[in-house]
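Notes follow the structure.
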Amino acid sequence: MLTVDGDARPGDTVDLAGRAEVELQLRVLAGAGARVRLLGPAGELFTRTLPGPDAVVRLRLRVRPGEFVRAELHRSR
């Protein structure tokens with residue numbers, strides 16, 4: 036599950052209130068070996084292969100009004 040600033044959930048709109056950064060937290064369960072990608076309007080913002088079954092990824096992103104962030108989880112075949 037992707038959260039923003041501790042409480043925004045997928046599909047929510049976040050009021051930036053003059054800020055240029057948001058704090059993101061992505062929690063993945065049973066994701067060992069999967070690749071996490073965060074995408075924005077300009078393409079890939081972040082990627083990481085998860086080493087263990089459960090993981091939490093935290094990061095700060097610079098944002099502008101009207102931008103979006105989408106999380107994807109890809110499993111190896």
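Here this note's numbering is used: the first residue of the sequence shown is 36, the next is one more, and so on.
Note that the Cβ used here is the ideal one computed from N, Cα and C, for glycine as well.
Residues near residue i by beta carbon distance below 6 Å, same chain, minus five either side
i	result
residue 91	62
residue 95	56, 58
Classification of residue i by the beta-carbon crowding that lies within 10 angstroms, buried from 16 upward
i	result
residue 78	exposed
residue 41	exposed
residue 59	buried
DSSP three-state assignment for residue i, whether helix, strand or coil
i	result
residue 102	coil
residue 92	strand
Among the options, the one whose alpha carbon lies nearest that of residue i
i	options	result
residue 39	72, 105, 109, 111	105
residue 110	45, 76, 72	72
residue 75	66, 107, 64	107
Neighbourhood of residue i by C-beta distance below 8 Å, restricted to the same chain and skipping five residues each side
i	result
residue 69	63, 84, 85, 108, 109, 110, 111
Per DSSP, the bridge partner or partners of residue i
i	result
residue 169	A query on residue 169 cannot be resolved here, the shown segment of the chain reaching from 36 to 112 and no further.
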